[in-house]
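Chains as they are written, first to last, in our numbering: chain A, 17 to 392; chain B, 8 to 274.
First the structure, in the form of structure tokens, and then the observations on it.
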Amino acid sequence: MPDPLLANSAALQTVVSDGTICRLLGDWNVQQLSVRGEVSARRKALVQVKSIAQWDLSGLKTLDAVGAQLLWQAWAQCIPPATVLTPSQQALFEVLAQHPIEAAPAPRATQWLGWIRAIGQGCYVAVGHGRELLLLLGGLVLNLGMLLARPSRGPWREISAQIFRAGAQALGITALVGFLIGVVLSYLSAQQLAVFGAGQFIVKLLGVATVRELGPVLAAILVAGRSGSSITAQIGVMRVTQELDAMQVMGISHGQRLILPRVIALAVAMPLLVLWTDAAALLGGMLAANLQLGLSMVWFFERLPDAIGLTNYWISVIKGVTFGAWIGLAACHFGLQIEPNTESLGRGTTASVVTSITGVILIDALYAILFNEMKL
Amino acid sequence: MTSAAKPLIDVQDLTTAFGSHVVHEQLNLKIFSKEILALVGGSGSGKTTLLRQILGLDRPRSGVVKVFDRPVHDYVGPERIALTHRWGMLFQAGALFSALPVFDNIALPLREVHHLPEDLIRDVVLMRLSWMGLTPRDAALMPSELSGGMIKRVALARALALDPELLFLDEPTAGLDPQRSDEFVELIRVLHRELGFTVVMVTHDLDTIGALATRVAVLAEKKVLVEGSLEQVMQTQHPFIEAFFHGERGARALGGQEAKGVNHGKS
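Below, the structure written as structure tokens:
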């Protein structure tokens, strides 16, 4: 007669006890045990019949490693005496007996002051990255010197391929974003200027803001997201597939073949992209001003050279070169730091983009102070 | 293996092609319960591609691959998930999840079936590891810290996590030194005896074939050229079989059987 306590349990059909013999029936495999609540129900049933004298497993339909482990746990890691087993079940439990499992280690005590430690660790990591970046920059300068000394041995093909990828292929997206930002900026400032009847000043406002600040930063953010991430991922995968090691074994310097071409390419492509973004933004601003304030496009165009001035253009170009070199350097650095696993690859790519964009803003702020001091 | 027995896997008139490159043409193959079938063939003869077809990773151009009596692409949704619980695959390079430590790699399939308590999963995983000759200390390692032999063992433990009826092995001993390779072959043999699964393995290694295979199928000329026991296969007259089994390596690896094959060739 089944135990009344088990009457509602799903384990009723699988653990049947008549007081002296406990018969296990049905399927004891992972498919059956993975039904919700099944394991705890069977465990409860097994505990209740624990004092039973004899076990009979000959009626089992299936018994796999998970089911056997469940019984093994209930039996406290040994086969109870006078248990009826088929030969294959016997073999399975013998394997379990041969491979005893250590008890689970006690969970480590929570460290209450762990956050202080984390802050310190964070600083340590940041300083480490800074040091590595500095070393990379030093190596880059040396490699650049070698390139200038023997230009014929330079990785020109790689440089041109990178310029095409980071520069030419980014023309569409930078133009679109620049154009739209120009429209938005012009539209918003035109409304305010019209209040004061100072609509003509939009040329100066738009020209300086775009060329000096927005163009370089916008282009840099787009390039960091587009090319920076791809460079990091590319170098990271080369670590995973041991291509970096292969290069080292062949005596090919990472600095010369990987870092130098990418940094040079970005330093060349970025100022060009910046000017391109400036132009697109000014075009957008010109159209919006024409629609909103009724300013003639020809007039707007004629006023541009005076409004912006050559100085601002050169500032734009200098910023472009710096941002490009910085993005390339940061992307290569984080690519080389990646460990051979997918998690590290994802983390490295994120860190690369975040660091390059933050760095771009930081450099931009430094330039603002510098040019201000220089009265430019 | 009688022809009346129902095959677990039935490949019927399979044609696989990538663009204009035809890999299999009207290929037929039956795999029966509890056997260890070795798929043998030269590089590029489509052994791994055939495995991918059976697993439903690629789609055939024509023909059908039946697994457990149904075309493999007919399993969808919950049925496909149930099917994946019935097979395990050991990939050539292990295909361990590089972001997870060894323990979680093996525990993943068990966690994916849901509702198994974590302490039971822990015991099953550690038992499996111990069975594969790895220690609980190895369980905390990341895949990138493992040696080639350990990767194979962990990958095998993962493939066997759910006690599958069907085990696919892609080059199980490639990249292992002879001793590790022998140990691994022995491990598979013991597991096969204890757990009674069916094995389909792709291999180049004659030692592995000699030690494990109950049946050999030779892939050449875009189809199964010949199948049968190792002796039967070796008696077939074909340039590839001559080169593969009767070459110097073959003589070294298969010893006794080689002698029989040569005698037959002469008679």
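Glycine residues also receive a C-beta, built at the ideal position from the N, C-alpha and C atoms.
Just so it is clear, the structure is predicted and the values come from calculations on it, not from any experiment.
DSSP has residue i in a bridge; who is on the other side?
{"i": "Pro78 (chain B)", "result": "B:Lys73"}
{"i": "Gln48 (chain A)", "result": "Per DSSP, none; premise fails for Gln48 (chain A)."}
{"i": "Glu234 (chain B)", "result": "B:Ala224"}
{"i": "Thr23 (chain B)", "result": "B:His31"}
{"i": "Lys37 (chain B)", "result": "B:Asp17"}
{"i": "Ser33 (chain A)", "result": "A:Cys38"}
{"i": "Phe175 (chain B)", "result": "B:Met96, B:Val207"}
{"i": "Gly48 (chain B)", "result": "B:Leu226"}
{"i": "Leu76 (chain A)", "result": "A:Gly42"}
{"i": "Val100 (chain A)", "result": "A:Asp72"}
{"i": "Ile43 (chain B)", "result": "B:Val206"}
Using only the alpha-carbon positions, how far apart do residue i and residue j sit?
{"i": "Ser205 (chain A)", "j": "Leu196 (chain A)", "result": "14 Å"}
{"i": "Gln216 (chain A)", "j": "Thr327 (chain A)", "result": "22 Å"}
{"i": "Leu352 (chain A)", "j": "Pro232 (chain A)", "result": "27 Å"}
{"i": "Ala164 (chain B)", "j": "Ile216 (chain B)", "result": "21 Å"}
{"i": "Val74 (chain B)", "j": "Val46 (chain A)", "result": "21 Å"}
{"i": "Asp81 (chain B)", "j": "Leu238 (chain A)", "result": "45 Å"}
{"i": "Arg363 (chain A)", "j": "Val32 (chain A)", "result": "53 Å"}
{"i": "Gly35 (chain A)", "j": "Arg77 (chain B)", "result": "45 Å"}
{"i": "Arg255 (chain A)", "j": "Leu64 (chain B)", "result": "28 Å"}
{"i": "Met241 (chain B)", "j": "Glu234 (chain B)", "result": "10 Å"}
{"i": "Ser167 (chain A)", "j": "Gln178 (chain A)", "result": "Residue 167 (chain A) is actually Pro in this sequence, not Ser. Rounded to whole angstroms, Pro167 (chain A) to Gln178 (chain A) spans 18 Å at the Cα level."}
{"i": "Glu359 (chain A)", "j": "Ala249 (chain A)", "result": "12 Å"}
{"i": "Thr366 (chain A)", "j": "Ser372 (chain A)", "result": "10 Å"}
{"i": "Trp91 (chain A)", "j": "Val192 (chain B)", "result": "33 Å"}
{"i": "Ile147 (chain B)", "j": "Ile113 (chain B)", "result": "Looking at the sequence provided, one finds Ala at residue 147 (chain B) rather than Ile. Rounded to whole angstroms, Ala147 (chain B) to Ile113 (chain B) spans 12 Å at the Cα level."}
{"i": "Gly53 (chain B)", "j": "Ala162 (chain B)", "result": "23 Å"}
{"i": "Ile280 (chain A)", "j": "Ala142 (chain A)", "result": "25 Å"}
{"i": "Gly95 (chain B)", "j": "Ala84 (chain A)", "result": "20 Å"}
{"i": "Pro116 (chain A)", "j": "Ala341 (chain A)", "result": "58 Å"}
Can you confirm whether residue i, when its beta carbon is compared against all beta carbons of chain B, has any partner nearer than 8 Å?
{"i": "Ala323 (chain A)", "result": "no"}
{"i": "Arg52 (chain A)", "result": "yes"}
{"i": "Glu359 (chain A)", "result": "yes"}
{"i": "Val82 (chain A)", "result": "yes"}
{"i": "Val55 (chain A)", "result": "yes"}
{"i": "Gln106 (chain A)", "result": "no"}
{"i": "Pro356 (chain A)", "result": "yes"}
{"i": "His115 (chain A)", "result": "yes"}
{"i": "Glu259 (chain A)", "result": "no"}
{"i": "Glu118 (chain A)", "result": "yes"}
{"i": "Gln89 (chain A)", "result": "yes"}
Shortest alpha-carbon distance to residue i belongs to which of the options?
{"i": "Ser332 (chain A)", "options": "A:Ile175, A:Ala283, A:Ser56", "result": "A:Ala283"}
{"i": "Gly223 (chain A)", "options": "A:Gly42, A:Pro97, A:Leu299, A:Ile175", "result": "A:Leu299"}
{"i": "Val209 (chain B)", "options": "B:Asp145, B:Pro150, B:Ala12, B:Leu219", "result": "B:Leu219"}
{"i": "Leu382 (chain A)", "options": "A:Thr365, A:Lys335, A:Val65", "result": "A:Lys335"}
{"i": "Ala166 (chain B)", "options": "B:Ala102, B:Val29, B:Leu237, B:Leu183", "result": "B:Ala102"}
{"i": "Phe339 (chain A)", "options": "A:Thr365, A:Glu229, A:Val82", "result": "A:Glu229"}
{"i": "Val223 (chain B)", "options": "B:Gly156, B:Val79, B:Phe39", "result": "B:Phe39"}
{"i": "Lys229 (chain B)", "options": "B:Leu213, B:Val30, B:Ile248", "result": "B:Val30"}
{"i": "Leu73 (chain A)", "options": "A:Thr30, A:Lys220, A:Gln178", "result": "A:Thr30"}
{"i": "Phe175 (chain B)", "options": "B:Ile61, B:Thr221, B:Gly140", "result": "B:Ile61"}
{"i": "Leu307 (chain A)", "options": "A:Trp131, A:Ser202, A:Val370", "result": "A:Ser202"}
{"i": "Gly344 (chain A)", "options": "A:Asp43, A:Gly136, A:Ala240, A:Gln89", "result": "A:Ala240"}
{"i": "Ile158 (chain B)", "options": "B:Leu136, B:Arg66, B:Pro124, B:Arg87", "result": "B:Leu136"}
{"i": "Ser312 (chain A)", "options": "A:Val253, A:Ile218, A:Glu355, A:Ala57", "result": "A:Ile218"}
{"i": "Ile379 (chain A)", "options": "A:Gly252, A:Trp88, A:Ala236", "result": "A:Ala236"}
Does residue i get closer than 8 Å to chain E when you measure Cβ to Cβ?
{"i": "Ala106 (chain B)", "result": "Checking the listed chains, one finds no chain E in this structure; the protein chains it contains are A and B."}
Is DSSP giving residue i helix, strand or coil here?
{"i": "His271 (chain B)", "result": "Annotation note: pLDDT 43 at His271 (chain B) (below 50); position unreliable, coordinate value reported separately. In this structure, His271 (chain B) counts as helix in the three-state DSSP scheme."}
{"i": "Phe98 (chain B)", "result": "coil"}
{"i": "Met254 (chain A)", "result": "helix"}
{"i": "Arg133 (chain A)", "result": "helix"}
{"i": "Leu187 (chain A)", "result": "helix"}
{"i": "His115 (chain A)", "result": "coil"}
{"i": "Asp380 (chain A)", "result": "helix"}
Could you tell me whether any non-hydrogen atom of the ligand FMN is closer than 7 Å to the CB of residue i?
{"i": "Ala384 (chain A)", "result": "The ligand FMN is not among the ligands present in this structure, which contains no ligands whatsoever."}
Counting contacts by CB-CB distance shorter than 8 Å, is residue i in contact with chain A?
{"i": "Glu172 (chain B)", "result": "no"}
{"i": "Glu201 (chain B)", "result": "yes"}
{"i": "Ser69 (chain B)", "result": "no"}
{"i": "Ser154 (chain B)", "result": "no"}
{"i": "Leu133 (chain B)", "result": "yes"}
{"i": "Met149 (chain B)", "result": "yes"}
{"i": "Trp138 (chain B)", "result": "yes"}
{"i": "Asp130 (chain B)", "result": "yes"}
{"i": "Val120 (chain B)", "result": "yes"}
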